Amino acid sequence: MYEGMNEKQQEAVLHTEGPLLILAGAGSGKTRVLTHRTAYLIEEKGVNPYNIMAITFTNKAAGEMRERIDEMVGYGSESIWVSTFHSTCVRILRRFIDHIGFSTNFTIYDADDQKTLMKDICKRLQIDTKIYKERMFLNVISHAKDELIDPITFSLQAQGDYTKQRQATVYQEYQAALRSNNALDFDDLIVKTVELFKTDAEVLDYYNEKFRYIMVDEYQDTNTAQFELIRLLARKYHNLCVVGDDDQSIYKFRGANIHNILNFEKEFPDAAVIKLEQNYRSTSNILNAANGVIRNNVGRKEKVLWTENPVGDKIDFHQFDTAYEEADYIAMDIAKKVRTGKYRYRDCAVLYRTNAQSRLFEERFIVSNNP
153 MYEGMNEKQQ EAVLHTEGPL LILAGAGSGK TRVLTHRTAY LIEEKGVNPY NIMAITFTNK
213 AAGEMRERID EMVGYGSESI WVSTFHSTCV RILRRFIDHI GFSTNFTIYD ADDQKTLMKD
273 ICKRLQIDTK IYKERMFLNV ISHAKDELID PITFSLQAQG DYTKQRQATV YQEYQAALRS
333 NNALDFDDLI VKTVELFKTD AEVLDYYNEK FRYIMVDEYQ DTNTAQFELI RLLARKYHNL
393 CVVGDDDQSI YKFRGANIHN ILNFEKEFPD AAVIKLEQNY RSTSNILNAA NGVIRNNVGR
453 KEKVLWTENP VGDKIDFHQF DTAYEEADYI AMDIAKKVRT GKYRYRDCAV LYRTNAQSRL
513 FEERFIVSNN P
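Numbering (the numbering used here), first residue to last: 153 to 523.
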């Protein structure tokens, strides 16, 4: 089971009892650790697959993890809950949401449904949507739900601020309309599950008994509501393993709370911490450059990535005064590489931060006949 695993990976697999934070640097084999850890729990520790939960952030990641676990464990692995936060909450709410006043056949509103509902609310409240956009209200409400701020609390915090008071009124009307329609939006799936657990001790105890071993991937991307959900689920047995890397936290704008991973040992005082620092993906030159940049981050957990891979090519770093100069240089550099005969166009890739940046590159590639 441990063939080809390094010492720290094995340590993470074998640590099964109590809270565990696995700080997994980029390319350090975290998915392999999670799947082997699951197999170890079942095959070596005798844990019933029914008592294991693994939470990921995307359906694709959940599918890949499920496939790997099935290959390793085989019979019984279908009983493991491998799903996203939202899929997990849907399953729970479909069974027990009637305990907090909704019907179990509730509707889940998508983005279009939300926008339609918000238009109706703004019209009813006589809000000028040329000044106050529907999307703005929806973003404010989503952020409030990420932080577990209900309409009443939001209204109290808005006192003395005209704009926030208007947002509070819209928030209250929006939630009332959802409830009247027996509907939840995407954020409500987590918020209402937390509410259910805090309202009904028997339901919480049922899931505490069911999920005795919990694993969470990409923990650095969790928000406050997701943290509270996990805290409640792990309340009884404390066998919580979270995997993440504070250096890879890029979703603050979506509500991610970096303090969830930075303060893990404070929230779970008996937690163990294991660092996966060996990288299997990159060269030494790339890792040394990355380490040199990231060490300047304020408020991070210290880690230094290293590899047994070759040193690799040196990194060329260029700065430009304008985006046009940057696009020109890249187009010419690719053409130059291809002319040497050592590279093909398909060997080259351009990564950019936002989609809006792609247009300049496309224009320069057309001018320079780069396909």
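Ideal Cβ positions, reconstructed from N, Cα and C, are used throughout, including at glycine.
As the structure is a computational prediction, the values presented were derived from the model and not from experiment.
Between Glu478 and the rest of its own chain, which residues show a CB-CB distance below 7 Å, the 5 nearest in sequence each way excluded? Phe472
Candidates Asn461, Asp264, Pro462 and Tyr481, of which the one nearest His470 by Cα: Tyr481
Note the first and the last residue of the continuous beta strand (DSSP E) segment covering Ala424. In the DSSP assignment, Ala424 falls within the beta strand (DSSP E) that extends over Ala424 to Leu428.
Taking the alpha carbon of Val450 as the point to measure from, which residue in Val343, Asn440 and Asp399 has its own alpha carbon closest? Asp399
In whole angstroms, give me the CA-to-CA distance for Asp272 and Ala487. 54 Å
Pull up the CB-CB distance for Tyr403 and Ile244, whole angstroms please, since I reckon it's below 8 Å. The pair is not a contact, with the Cβ atoms about 24 Å apart (cut-off 8 Å).
Please list the terminal residues of the continuous beta strand (DSSP E) segment that includes Ile366. Tyr365 to Val368
Mind reading off the beta-carbon distance from Asn431 to Gly407? Whole number of angstroms is fine, and I expect it under 8 Å. Between the beta-carbon of Asn431 and that of Gly407 there is about 29 Å, and that puts the pair past the 8 Å contact cut.
Helix, strand or coil for Val463? Go by DSSP, reduced to three states. Val463: coil per DSSP, three-state reduction.
Since I believe His251 is in contact with Asp352 (beta carbons under 8 Å), could you give me their beta-carbon distance rounded to a whole number of angstroms? 5 Å
Are at least three pairs of beta-carbons, each pair with one atom in the stretch 215–233 and one in the stretch 425–444, less than 8 Å apart? As far as the Cβ criterion goes, the stretch 215–233 does not touch the stretch 425–444, which means the pair count is below three.
With a CB to CB cut of under 7 Å and the five nearest residues on each side skipped, what residues in its chain are close to Asn211? For Asn211, where only same-chain residues beyond five positions count, the Cβ hits under 7 Å are Thr236.
Helix, strand or coil, according to DSSP, for Cys274 in the structure here? helix
In chain order, what are the residue ranges of uninterrupted beta strand (DSSP E) at least 3 long that sit wholly in the stretch 370–421? 392–396
Measuring only the C-alpha atoms, how far is Lys316 from Phe289? 10 Å
Buried versus exposed, by CB contacts within 10 Å (16 or more), Phe258: It is buried - the Cβ of Phe258 has at least 16 other Cβ atoms within 10 Å.
Between Phe209, Val199 and Asn158, which has its C-alpha nearest Val394's C-alpha? Phe209
Rounded C-alpha distance that separates Ala475 from Tyr504: So the two alpha carbons sit approximately 12 Å from each other.
Any idea which residues DSSP pairs Met205 with across the strands? The secondary-structure analysis by DSSP pairs Met205 across a beta bridge with Trp233 and Ile366.
Own chain, CB closer than 7 Å to Thr345, minus 5 neighbours either side, in chain order: Close CB contacts of Thr345 within its chain, under the 7 Å cut and outside five residues either way in sequence, are with Cys241, Ile244, Leu245 and Leu381 (chain order).
Measure the C-alpha to C-alpha separation of Ala377 and Asp340 and round it to an integer number of angstroms. 10 Å
Strand pairing of Leu175, partner residues [DSSP]: DSSP, once it has assigned bridges, lists Gly396 and Lys427 as partnering Leu175.
Cβ-Cβ distance between Ala320 and Ala310 below 9 Å: It is a contact, given that the beta carbons lie within the stated cut-off.
Which of the three DSSP states, helix, strand or coil, is assigned to Thr210? coil
Could you have a look at Thr259 and say whether DSSP puts it in helix, strand or coil? strand
Of the choices Asn521, Asp485 and Val456, whose alpha-carbon is the least far from that of Ala178? Comparing Cα positions, the closest option is Val456.
On the DSSP bridge list, what partners appear for Ala335? Thr259
What's the gap between the Cα of Leu356 and the Cα of Leu186? 25 Å
Using only alpha-carbon positions, find the residue among Glu417, Gly312 and Asn391 that is nearest to Met205. Ranked by Cα distance from Met205, the options Glu417, Gly312 and Asn391 are led by Asn391.
Are the beta-carbon atoms belonging to Val502 and Arg496 less than 9 Å from one another? no
If you draw a straight line from the alpha carbon of Glu419 to that of Arg433, how long is it in whole angstroms? A straight line joining the alpha-carbon of Glu419 with that of Arg433 spans about 32 Å.
Can Val425 and Ala483 be called in contact, C-beta distance under 9 Å? no
If you count every other CB in all the chains shown that lies within 10 Å of the CB of Asn409, and 16 or more means buried, which is it? buried
For Gln324, which residues from the same chain have a beta carbon less than 6 Å from its beta carbon, with the 5 sequence-adjacent residues on both sides left out? Pro303
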